[in-house]
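Counting in the working numbering, the sequence shown runs from 181 upward without gaps.
Note that the Cβ used here is the ideal one computed from N, Cα and C, for glycine as well.
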Amino acid sequence: AVPAGPEAPAAVRELLVRLRDRADEAPTPDAAVHLLESVAREMTALLGRYDRDARAAWRRLGDRRCAAGDPAGAVHLLGQVAADAAQALGPGDPDTLEVRLEHARALGEAGDPYGALHLLREVQPVLVQALGPYDARALTSQARLAHAVALTGDVVSAAGMLLELIPAVHAP
């Protein structure tokens, strides 16, 4: 048996990372999901639940599930990945915040715009505080927040939020 955790051979980790990173080349979205699920399970078994590469595999699986037409499965999975990231890295870590943004996107795609909006409103101020107001990820999340507001039917507020972004986008 291959040892778990940091003692796992580097070659095994490298192979699993390559498989994870090339899953998008699978012939179909369902094949990518199947490959990523296998890779994520193997990485978790060998490297541990809180390993950064293993979390990245589960995160990518959530994204691929959305692309394959299973946003509800992605919501469940990304919620767990976000909880694991918060446990391992802390709730204000940029990686944790990115997973929470992906979770919000999946909520919206699964037909829950209010759930997505709620999560985005939680994450946005923390993301701006962690990365700064002019960071591309913070600005993108503000645009996503405006989009989520529009999906709830409040187009006027969403347009105002987007207008507020213009000076920030043109800042040095």
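According to the Cβ coordinates, are M223 and R245 closer than 9 Å? By 1-based counting over the sequence shown, the position of residue 223 is 43. By 1-based counting over the sequence shown, the position of residue 245 is 65. No; because the gap between Cβ atoms is not below 9 Å, this pair is not in contact.
Own chain partners of V306 with C-beta closer than 8 Å, once the 5 adjacent residues on each side are dropped: For this step, residue 306 is matched to residue 126 along the sequence shown. Cβ within range, chain order: P271, G272 and L277.
What is the DSSP secondary structure of P293, counted as helix, strand or coil? Translated into positions along the sequence shown, residue 293 becomes position 113. Note: P293 maps to helix in three-state DSSP.
Count the other CB atoms within 10 Å of the CB of V219; is the residue buried (16 or more) or exposed (fewer)? As a first step, residue 219 must be located in the sequence shown, where it is residue number 39. V219 should be labelled buried.
From the DSSP output, in three-state form, read off G333 for me. Along the sequence shown, read from residue 1 onward, the residue named residue 333 stands at position 153. Correct three-state label for G333: coil.
In chain order, what residues of the same chain have a beta carbon less than 8 Å from the beta carbon of H257, not counting five sequence neighbours either side? The residue labelled residue 257 in the question sits at position 77 within the sequence shown. With the sequence shown as reference, residue 257 is identified as Leu, and His is not the correct amino acid for it. The answer, listed in chain order, is W238, L241, G242 and R245.
If you draw a straight line from the C-alpha of R202 to the C-alpha of Q322, how long is it? For the purposes of this step, residue 202 is taken as the residue at position 22 of the sequence shown. For the purposes of this step, residue 322 is taken as the residue at position 142 of the sequence shown. Rounded to the nearest angstrom, the two C-alpha atoms are 30 Å apart.
Determine the direct distance from the alpha carbon of E302 to that of A211, and round the result to whole angstroms. Mapped onto the sequence shown, residue 211 falls at position 31. Mapped onto the sequence shown, residue 302 falls at position 122. Distance between the alpha carbons of A211 and E302: 34 Å.
For the alpha helix (DSSP H) that R135 lies in, which residues bound it at each end? Because the chain spans 181 through 352 in this model, residue 135 falls outside it and cannot be assessed.
When the Cα atoms are used, what is the spatial distance from P313 to M341? One-based indexing of the sequence shown puts residue 313 at position 133. One-based indexing of the sequence shown puts residue 341 at position 161. If I take the Cα positions, the gap works out to 14 Å.
Whose CA, out of T320, D275 and V329, lies closest to the CA of Y294? Residue mapping note: residue 294 aligns to position 114 of the sequence shown, counting from 1. Checking every option, the nearest Cα to that of Y294 belongs to V329.
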